[in-house]
């Protein structure tokens with residue numbers, strides 16, 4: 004096996020970049036210190052003027068920061084997160100309104116399955132668009148499932164495949180997106 008020769012590096016390539024970056028960093032620091040002062044004076048001057056006129060900036064309440072802007076925990080919201088590790092709350096949730104999707108030339112819902120109104124509307128629009136583009140008819144194979152039906156389904160999968168196999172193929176009751184009416 005031939006001997007390898009050590010790689011020789013020029014001192015310029017070793018020490019040049021760190022020195023160059025150091026000079027640039029010092030230059031940026033000096034520039035920011037020299038330009039920050041006038042801006043700060045303008046802000047302080049405006050604060051003094053506002054205080055003299057009796058204008059005080061509002062102090063936000065703590066609840067302004069605590070209020071959830073978007074929640075993914077409520078089962079009755081369209082943006083709920085539910086999966087095998089994250090259960091619905093309440094676990095036996097049932098949507099208040101369910102809609103049967105009408106069968107048409109673009110959508111086959113001969114089993115009369117139901118979904119939440121927003122999901123049903125979106126599915127009908129998608130099926131119509133697919134049909135208009137020549138992709139044929141969409142068949143609804145599965146939709147909303149009750150908590151009790153999901154219990155039966157998971158127990159059936161457990162008998163058929165064992166617990167590990169059932170967990171791969173299905174979700175426990177309360178952990179299924181189908182229970183929200185959105186899947």
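In the numbering used here, the protein residues as written are 4 to 186. Idealized CB from N, CA, C, for every residue including glycine. Here the structure is a predicted model, which means the values were calculated and not measured.
Assuming residue i and residue j make a contact with CB atoms under 8 Å, what is their CB distance in whole Å?
| i | j | result |
| --- | --- | --- |
| residue 81 | residue 185 | 7 Å |
| residue 147 | residue 118 | 6 Å |
| residue 183 | residue 98 | 7 Å |
| residue 102 | residue 123 | 4 Å |
| residue 150 | residue 177 | 7 Å |
| residue 130 | residue 141 | 4 Å |
Return helix, strand or coil for residue i, following the three-state DSSP convention.
| i | result |
| --- | --- |
| residue 102 | strand |
| residue 117 | strand |
| residue 26 | helix |
| residue 96 | coil |
| residue 76 | coil |
| residue 62 | coil |
| residue 44 | helix |
| residue 147 | coil |
| residue 83 | coil |
| residue 130 | helix |
| residue 178 | coil |
| residue 155 | helix |
| residue 160 | helix |
| residue 170 | helix |
| residue 57 | coil |
| residue 91 | coil |
| residue 186 | coil |
Determine which residues share a DSSP beta bridge with residue i and list them.
| i | result |
| --- | --- |
| residue 141 | 110 |
Indicate whether the contact test is met: 3 or more Cβ pairs, each with one atom in the region 82-93 and one in the region 108-115, closer than 8 Å. no
So does the region 122-135 actually touch the region 148-162, counting three or more Cβ pairs closer than 8 Å? no
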